[in-house]
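Chemist: Please read through the structure below; I'll follow up with questions.
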Amino acid sequence: MPVPKKHSPAMQEKYLPSEIEQAAQAHWNTTQAFRAIEDAGSPNPRPKYYCLSMFPYPSGKLHMGHVRNYTIGDVLSRYHRMRGFNVMQPMGWDAFGLPAENAAMQNNVPPAKWTWDNIAYMKQQLQSLGFAIDWKRELATCAPDYYQWNQWLFLRMLEKGIAYKKTQVVNWDPVDQTVLANEQVIEGRGWRTGAEVEKREIPGYYLAITKYADELLSALDTLPGWPERVKTMQANWIGRSTGVRFAFPYELDGKQEKLWVFTTRADTIMGVTFCAVAAEHPLATHAAKHNPKLAAFIDECKHGSVMEADMATMEKKGMPTGIFVDHPLTDDKVEVWVGNYVLMSYGEGAVMAVPAHDERDFEFAKKYGLAIKQVVAVEGETFSLDGWQEWYADKQRGRCVNSGKYDGLGLEDATAAIAADLAARGLGATQVQYRLRDWGVSRQRYWGCPIPLIHCDGDGTAAGCGTVPVPDEQLPVRLPEDCVPDGSGNPLAKRADFVDCACPRCGKPARREIDTMDTFVDSSWYYARFCAPDASAMVDARTNYWMPVDQYIGGIEHAILHLLSSRFWTKVMRDLGLVNYDEPFANLLTQGMVLNHIFSRRNDRGGIEYFAPDEVELQRDEGGHVVGATSKADGQPVDDGGVGTMSKSKRNGVDPQSLIDEFGADTARFFMMFASPPEQTLEWSDSGVEGAYRFLRRVWAFGHASQTAVAAQPPMPAELPEQLAAVRREIHLLLKQANYDLAKFQFNTVASAAMKMLNSLEKAPRHAGHGAVITEGFGILLRLLSPITPHLCHALWIELGYGDDIIKAPWPEPVAAALVQDEEELVLQVNGKHRGSIRVRVGADRTAIEAIALGSEAALKFMESKSAKKVVVVPGRLVNIVV
RNA sequence: GCCCGGAUGGUGAAACUGGUAGACACAAGGGACUUAAAAUCCCUCGGCCGCAAGCCAUGCGGGUUCGAUUCCCGCUCCGGGCACCA
0 MPVPKKHSPA MQEKYLPSEI EQAAQAHWNT TQAFRAIEDA GSPNPRPKYY CLSMFPYPSG
60 KLHMGHVRNY TIGDVLSRYH RMRGFNVMQP MGWDAFGLPA ENAAMQNNVP PAKWTWDNIA
120 YMKQQLQSLG FAIDWKRELA TCAPDYYQWN QWLFLRMLEK GIAYKKTQVV NWDPVDQTVL
180 ANEQVIEGRG WRTGAEVEKR EIPGYYLAIT KYADELLSAL DTLPGWPERV KTMQANWIGR
240 STGVRFAFPY ELDGKQEKLW VFTTRADTIM GVTFCAVAAE HPLATHAAKH NPKLAAFIDE
300 CKHGSVMEAD MATMEKKGMP TGIFVDHPLT DDKVEVWVGN YVLMSYGEGA VMAVPAHDER
360 DFEFAKKYGL AIKQVVAVEG ETFSLDGWQE WYADKQRGRC VNSGKYDGLG LEDATAAIAA
420 DLAARGLGAT QVQYRLRDWG VSRQRYWGCP IPLIHCDGDG TAAGCGTVPV PDEQLPVRLP
480 EDCVPDGSGN PLAKRADFVD CACPRCGKPA RREIDTMDTF VDSSWYYARF CAPDASAMVD
540 ARTNYWMPVD QYIGGIEHAI LHLLSSRFWT KVMRDLGLVN YDEPFANLLT QGMVLNHIFS
600 RRNDRGGIEY FAPDEVELQR DEGGHVVGAT SKADGQPVDD GGVGTMSKSK RNGVDPQSLI
660 DEFGADTARF FMMFASPPEQ TLEWSDSGVE GAYRFLRRVW AFGHASQTAV AAQPPMPAEL
720 PEQLAAVRRE IHLLLKQANY DLAKFQFNTV ASAAMKMLNS LEKAPRHAGH GAVITEGFGI
780 LLRLLSPITP HLCHALWIEL GYGDDIIKAP WPEPVAAALV QDEEELVLQV NGKHRGSIRV
840 RVGADRTAIE AIALGSEAAL KFMESKSAKK VVVVPGRLVN IVV
């Protein structure tokens, strides 16, 4: 083991961050300080602490969100290491994805090269920030030895029926002849071509996450370490609801058919006045055969975006099909409409419409003059067709009316009675339904993990074998790394060397699947691979040692999709016997987003062009408020789109590199932690960085000035002069509070506490015992600060002779003896208003405190000689006299 | 539109899960040191009011409480998610 390298005997007077940081990083490197080894077998195993930050997409440079995210993770890692945990903090690359293809189009560089270059640069950036990462565990999802296990597990899912094929609806750009991602659709048009986007149905593969819906929902209760809001979001997303699935029978071409719908409001079934089906529904297709107007309308519905937000806000339109179905309980004729707001992929692709008690149906009925029949009443309220009122849909107070035998029943009783009657007629039953839909994993893109399937179509004389899985021994299906996408679809289609293959079953010529997997697949299990990055299987025993992740840290924007798909993936791996845990992330910290201004301009093709903040000049009024912006390049105005999350596609990221270059990693880290609590959004601004730098310089200066005092290692005297005792007491109080704040992840006040400690130490009077107080106090300060600014603290710890290596020092705890005091100050209130303060002996009883309070000058003045009705005493805090 | 958050001085924020609103900083202004600048140090810094006393003040409007930034109800604005950005 190399001996830690000390600085030259003469300590630098000036704070030189780059020198200090390089030396500290070299030390950690040579000592392999952050190499994490499983120690379950050792006689005294330390508790393990797997600290994981969401791995970055290698977009080119780190951005502020990364610095924030990884500093939080690093603070927690270093803190737990000093607390005696066996800490593992890995890092890797979420390396497949769309931006690489966009960059390829722009620069004519293959996505693979672009991605690997970015990884190299960003790795060096991460290393310069001094994160306590075990780099031996690094992985990239675009490497075949990683993604082969995506393929392998996909095949297992296929065998178990969890993966299956069905059609999916995608955004189609008719000009580029390509599938667009949602973010590439801007106001219904393709971002590059400006062409109106169409919906298109194509085949794709799905993972049956709904099979796990119940467990994904109920297991949220086993995650006390998750923020409540994230669990609420996931629960709402899964959206378990109990309702009734039932059918409207009808006759078509002489055949008896059934139109199935699902509703959570079966109690309103007697108020059904029409049904609505999706444009893609078979009934719509049938009706359109002889109705050109309807066919045109259906065609219109198929234009536009597939996004739920767009569906929800667009104008609700419909057209009757002329087909009537029978009401399942009354046998009344009910007309079927096609509605643009009904989604084929949701439930049955058809809904019953009860205009009187559903706001959307109400508006639709008013617009098209359809019947509205009130079947629920609330006492004291009068139903009117003039406008929608909230109580029309009231589930608690509503009672059935105009509903025959169900009149007078509330929601639950009515639903039960109606479900029973429907069941008796063979037309329906109670059913649990989820809002959660199965996970479509096929992407018509190049830069992703190939789906390991082969299509054997036959040779004209004989039928082929159909879709055949690639045999395990032929995995991985390697993605060619030299393609350059041009925006006109998947370049793999043109690669005969990739597409052409032999059918594994019959040996005849066949085609390889060219769709790749959703990149969420890559990120759904990387945390497990970090535990055993070189395993010859997907995971091994080391995974069960480290998992679950003890602390997961990442942006709140991942609250649903990434975190839910990871939970699902874990459960699939468990059910395949690969791992022994149920949930991947025991504790979750969702950091707020780092926001910045978004500047954009519409280009001449109708697409949108984004401007980076440093490419824009701001116009301000006299008050300093921003009133407009122009491009520095051409002087023409650009739109200020408000603030939003820093993202590659919106080009509003800020590169932290200049900050690191100018002030050093410690300043960048300190500022990020000090600026605001981790869970809160942070609107980026450059100011404040100087203040952080100034503070670190003061820490260094104080250390330099205290060298001799600390080197003497003076013992703490039994009695300290009062002012010094006060300084010592404050240090320990601040430490107590800081330890409490650390447990709450409130790093901004921990940073404040360090600043307050320095303020206090600097003001400590030079009485007998000064050396002992500052030696102890500065030692506390350095250890408290070391997870945030590890380089500075590493250097000072050695320079002042506290020890060889601060990361091996124990975490400081407040000393009870330092905290004692004889008297304390209580706030005095009269009628809840702050009127002064009183001093009382610590531990004084209530009557003594009351007496002092009532006798105080301030109390006499503000009580205006009235007598006290009540005296509220809050120990250690305040006294409130109510008159 | 639906689901989840947030809002406190000129700015970032704090207030120990109902108890002194604005800790700690940034910016600004004033001063010291200096030939000068940088750096450093000291002072002021929510509003009304000459000071003080006092009053007002935590997005807006109500409520509960001796006491509300904190809890409840109703809004406004901002951010995140809405299934192909990651």
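Quick note: the first sequence uses numbering that gives the first Met the number 0, first residue 0, plus one each step. Cβ coordinates follow ideal geometry from the N, Cα and C atoms, glycine included. Because the structure is a prediction, the values reported are computed rather than measured.
Pick from K865, I597 and F670: whose alpha carbon is nearest that of G640?
Modeler: I597
Chemist: Inspect the beta-carbon positions of V337 and M318 and report whether they are closer than 8 angstroms.
Modeler: yes
Chemist: Whole beta strand (DSSP E) runs in the stretch 288 to 320 with 3 or more residues, listed along the chain?
Modeler: none
Chemist: Under three-state DSSP, which class holds M537?
Modeler: coil
Chemist: Buried or exposed: K4, going by 16 or more other Cβ atoms within 10 Å of its Cβ?
Modeler: Interpretation of K4 is limited by its pLDDT of 41, a score under 50 that renders its predicted location unreliable; the figure taken from the coordinates is listed afterwards. Its Cβ having fewer than 16 others within 10 Å, K4 is exposed.
Chemist: May I ask which residues mark the beginning and end of the alpha helix (DSSP H) holding H65?
Modeler: M63 to M81
Chemist: Would you mind listing the beta strand (DSSP E) stretches within the stretch 194 to 255 that are 3+ residues and don't spill past its ends, in chain order?
Modeler: 197 to 206 and 240 to 251
Chemist: Buried or exposed for D330, going by 16 or more other Cβ atoms inside 10 Å?
Modeler: exposed
Chemist: Go ahead and pull the three-state DSSP assignment for Y367.
Modeler: helix
Chemist: Taking A349 as part of the beta strand (DSSP E), name the residues at either end of that continuous run.
Modeler: A349 to A352
Chemist: For the alpha helix (DSSP H) containing M269, name the first residue and the last one.
Modeler: It is not in any alpha helix (DSSP H) - M269 carries neither H nor E in the DSSP assignment.
Chemist: Go to M756, then tell me how far its alpha helix (DSSP H) extends in each direction, as first and last residue.
Modeler: That run of the alpha helix (DSSP H) goes F746 to K762.
Chemist: Identify whether G622 lies in helix, strand or coil by the three-state DSSP scheme.
Modeler: Reliability fails at G622, whose pLDDT of 41 lies under 50, so the model's placement of it is uncertain and no value is given.
Chemist: From the DSSP output, in three-state form, read off D38 for me.
Modeler: coil
Chemist: Restricting to runs no shorter than 4 residues, where is the alpha helix (DSSP H) found entirely within the stretch 678 to 753?
Modeler: Within the stretch 678 to 753, the complete alpha helix (DSSP H) runs of at least 4 residues fall at 688 to 704, 706 to 710 and 721 to 742.
Chemist: Taking buried to mean at least 16 other C-beta atoms within 10 Å of its own C-beta, is T312 buried or exposed?
Modeler: Within 10 angstroms of the beta-carbon of T312 lie fewer than 16 other beta-carbons, which makes it exposed.
Chemist: If P173 and P248 are in contact, beta carbons under 8 angstroms, what's the gap, nearest whole angstrom?
Modeler: Not confirmed; about 40 angstroms, so no contact.
Chemist: Take A308 and list the residues in its own chain whose beta-carbon comes closer than 6 angstroms to its own, dropping the five residues that flank it on each side.
Modeler: none
Chemist: Look up H454 in the DSSP assignment and say whether it is helix, strand or coil.
Modeler: In the structure shown, the three-state DSSP call for H454 is strand.
Chemist: Rounding to the nearest angstrom, what Cα-Cα distance links Y367 and V615 in this structure?
Modeler: 49 angstroms
Chemist: Using the beta-carbon count (16 or more within 10 Å), is I36 buried or exposed?
Modeler: The residue is exposed, with fewer than 16 neighbouring Cβ atoms inside 10 Å.
Chemist: Just the Cα atoms here: how many angstroms apart are M310 and M269?
Modeler: 28 angstroms
Chemist: Tell me the DSSP secondary structure of A509 in three-state form.
Modeler: Looking at A509 - three-state DSSP - the assignment turns out to be strand.
Chemist: Determine the burial state of G622: buried for a count of at least 16 other Cβ atoms within 10 Å of its Cβ, exposed for fewer.
Modeler: Interpretation of G622 is limited by its pLDDT of 41, a score under 50 that renders its predicted location unreliable; the figure taken from the coordinates is listed afterwards. Exposed is the call here.
Chemist: With A352 and Q373 assumed to form a contact (beta carbons below 8 angstroms), what rounded beta-carbon distance in angstroms separates them?
Modeler: The pair is not a contact, with the Cβ atoms about 14 angstroms apart (cut-off 8 angstroms).
Chemist: Which of the three DSSP states is assigned to Y580 in this structure?
Modeler: coil
Chemist: So, is P1 buried or exposed, given that buried needs 16 or more other C-beta atoms within 10 angstroms?
Modeler: Per-residue confidence for P1 stands at a pLDDT of 38, beneath the threshold of 50, marking its modelled position as unreliable; the derived number appears in the next sentence. Exposed, by the Cβ-count rule.
Chemist: Thinking C-alpha only, which one of Q473, T140, D665 and E775 is nearest M715?
Modeler: E775
Chemist: How far does the alpha helix (DSSP H) with H833 in it extend, from its first residue to its last?
Modeler: Here H833 belongs to no alpha helix (DSSP H); instead the beta strand (DSSP E) covers K832 to R840.
Chemist: If you count every other CB in all the chains shown that lies within 10 Å of the CB of Q150, and 16 or more means buried, which is it?
Modeler: buried
Chemist: Among the residues of its own chain, which have a CB less than 7 angstroms from the CB of K755, if the five just before and after it don't count?
Modeler: L733
Chemist: Distance check for A22 and I797, CA to CA, integer angstroms please.
Modeler: 12 angstroms
Chemist: From K315 to S304, what distance separates their C-alpha atoms?
Modeler: 14 angstroms
Chemist: Whose C-alpha, out of L781, A817, W810 and Q736, is nearest the C-alpha of G800?
Modeler: L781
Chemist: Below 8 angstroms on the Cβ atoms is my contact criterion, and I expect N459 with C502 to pass it. Report the Cβ-Cβ distance as a whole number of Å.
Modeler: In the sequence as presented, Asn is not what sits at residue 459; that position holds Gly. Wrong, their Cβ atoms sit about 15 angstroms apart, outside the cutoff.
Chemist: Closest by CA to I322, which one among D298, M90, N290 and H561?
Modeler: Just measuring C-alpha positions, the residue of D298, M90, N290 and H561 sitting nearest I322 is N290.
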